[in-house]
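S.K.: Can you read through this structure? Questions will come right after.
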Amino acid sequence: MRSLEARFRRCQKKHQEVGDFVNLGRAVKDQKFSEQTIRRFFNKLIEKDDYSSGDKQQLIKHLIGLTTPEDDKNKG
Numbered sequence: 077m078r079s080l081e082a083r084f085r086r087c088q089k090k091h092q093e094v095g096d097f098v099n100l101g102r103a104v105k106d107q108k109f110s111e112q113t114i115r116r117f118f119n120k121l122i123e124k125d126d127y128s129s130g131d132k133q134q135l136i137k138h139l140i141g142l143t144t145p146e147d148d149k150n151k152g
């Protein structure tokens, strides 16, 4: 089973020059993680004080959009 946290940690190690949100985006991209999984790990891996509540919701929506490959988006 793939682990979002493990993917995130690998991205952090490889791309130390960018922030946690960018690395989380790289970790979810095209991996078909569920919305629940993305929300849980966003709250676990991103510092609580980094974003306001409203920003947080928009960022999670963005991550959910990244997790579904383009081919799957076009099938709907």
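Using our numbering, read the sequence shown as starting at 77 and increasing by one per residue. Glycine included, every Cβ here is placed at the ideal spot set by N, Cα and C. The structure displayed is predicted, hence computed values, not measured ones.
1. What number of angstroms, rounded off, separates the C-alpha of Arg102 from the C-alpha of Ile122?
2. Residues in the same chain with beta-carbon distance under 7 Å from Phe109, minus the five sequence neighbours each way, listed in chain order, please.
3. Using only the alpha-carbon positions, how far apart do Glu93 and Arg83 sit?
4. Which value, in whole angstroms, describes the spacing of the CA atoms of Arg116 and Ile136?
5. Nearest to Asp126 by CA position, among Lys90, Ile114 and Phe97, is which residue?
M.R.: Reading from the atomic positions:
1. Sequence index remark: in the sequence shown, residue 102 carries index 26 (1-based). Sequence index remark: in the sequence shown, residue 122 carries index 46 (1-based). For Arg102 and Ile122, the distance between alpha carbons rounds to 14 Å.
2. Here residue 109 refers to the residue found at position 33 when the sequence shown is read from its first residue. Cβ within range, chain order: Leu80 and Thr143.
3. Along the sequence shown, one-based indexing puts residue 93 at 17. Along the sequence shown, one-based indexing puts residue 83 at 7. Using only the alpha carbons, I get a separation of about 17 Å.
4. Locating residue 116 in the sequence shown gives position 40, where the first residue counts as 1. Locating residue 136 in the sequence shown gives position 60, where the first residue counts as 1. Within the model, the alpha-carbon separation for Arg116 versus Ile136 is close to 10 Å.
5. Position 50 of the sequence shown, counted from the start, is the residue given in the question as residue 126. Comparing Cα positions, the closest option is Phe97.
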